[in-house]
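> Here the sequence shown is numbered in the working numbering, starting from 1 and rising by one per residue.
Note that CB positions come from ideal geometry on N, CA and C, so glycine has one too.
In this text the structure is predicted, and so the values were computed from the model without any measurement.
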Amino acid sequence: MEPVPVDLTLAPWRELRERLAGYFAARAQGLLASEFVLSNRNGEEFGRLRVHGPEGAELEAGSTRAKIERTARSRYRMLAGDAETLVAEFAGSSSALRVRCGNRTYEARLHILRNTAVARSSGDEEAARIAGGLTNRSYEAVFDVEDEGSLPVAVFLLYHTVAHRRRAFLAGAKGGETSNS
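(1) Contact criterion: CB-CB distance below 8 Å. Does residue 78 meet it with respect to chain B?
(2) Leaving out five residues on either side along the sequence, give the residues of the same chain with a beta carbon under 7 Å from the beta carbon of residue 130.
(3) Tell me where the alpha helix (DSSP H) around residue 146 begins and ends.
(4) If you draw a straight line from the alpha carbon of residue 36 to that of residue 29, how long is it in whole angstroms?
(5) Smallest Cα separation from residue 64: which of 90, 53, 126 and 48?
(6) For residue 173, does the count of other Cβ atoms within 10 angstroms reach 16, so buried, or fall short, so exposed?
(7) Please report the distance separating the alpha-carbon of residue 82 from that of residue 25.
(8) Between residue 88 and residue 96, what straight-line distance do the alpha-carbon atoms span, to the nearest angstrom?
(9) Spatial neighbours of residue 9 within its chain, please: C-beta separation below 8 Å, excluding the five flanking residues on both sides.
Below is the structure:
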């Protein structure tokens, strides 16, 4: 049996993935929930995720720096330095995504009303799960520590869930306004 080839684009994530041991939490800072403090199982802060709405986000976690950017109406990518770590695109609906990270492809599903997202590998094994509170201000993420791409996928799902819930909330607020003119 030959060893699985190591994907060098995922090298910045390796140490962090092992250190987090399959779990992280995110808590919003500020009123608009655009910055999230990321912490490990013991509550120790290890990074921050700054969400810029549907256009993207920035992650700072120790020596790991990543940028999520929207490259087309239904396509996103994640860069760690100059390396493209992840590419995600809608797969038929706005709640279904096909995510390619390293040499693996994941099928992800976002459940906006339940404030959850799940990514499964091609073998139908759960690679990452995000679950948030009712107010969009706190989340927990679990990911498969043995799966090289699971941590970047979990971070992307966190971003994608936060951005889409915020967009749905703002659209609902605007729809509820009445015109006085």
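Well, looking at it:
(1) In summary, chain B is missing from the structure at hand, where a single protein chain is found.
(2) One-based indexing of the sequence shown puts residue 130 at position 130. Around residue 130: 116, 117, 139, 141, 154, 157, 158 and 161.
(3) For the purposes of this step, residue 146 is identified with residue 146 of the sequence shown, where counting begins at 1. Taken as a continuous stretch (DSSP letters only), residue 146 belongs to no alpha helix (DSSP H), as it is neither H nor E.
(4) For the purposes of this step, residue 36 is taken as residue 36 along the sequence shown, with counting starting at 1. For the purposes of this step, residue 29 is taken as residue 29 along the sequence shown, with counting starting at 1. In this structure, the straight-line span from the alpha carbon of residue 36 to that of residue 29 is close to 6 Å.
(5) Within the sequence shown, residue 64 is the residue found at index 64, counting from 1. Out of 90, 53, 126 and 48, 48 has the C-alpha closest to the C-alpha of residue 64.
(6) On the sequence shown, residue 173 is found 173 positions in, with the first residue counted as 1. For residue 173, the predicted structure reports a pLDDT of 43, less than 50, and the residue's modelled location is therefore unreliable. A value from the coordinates is still provided. Residue 173 is exposed by the Cβ-count criterion.
(7) Counted from its first residue, the sequence shown places residue 82 at position 82. Counted from its first residue, the sequence shown places residue 25 at position 25. Cα-Cα distance, rounded: 27 Å.
(8) Indexing the sequence shown from 1 puts residue 88 at position 88. Indexing the sequence shown from 1 puts residue 96 at position 96. Note on geometry: alpha-carbon atoms of residue 88 and residue 96 lie some 10 Å from one another.
(9) Taking the first residue of the sequence shown as position 1, residue 9 is located at position 9. Within the same chain, and ignoring the five residues on either side of residue 9 in sequence, the residues whose Cβ sits closer than 8 Å to its Cβ are 80, 83, 84, 85 and 102.
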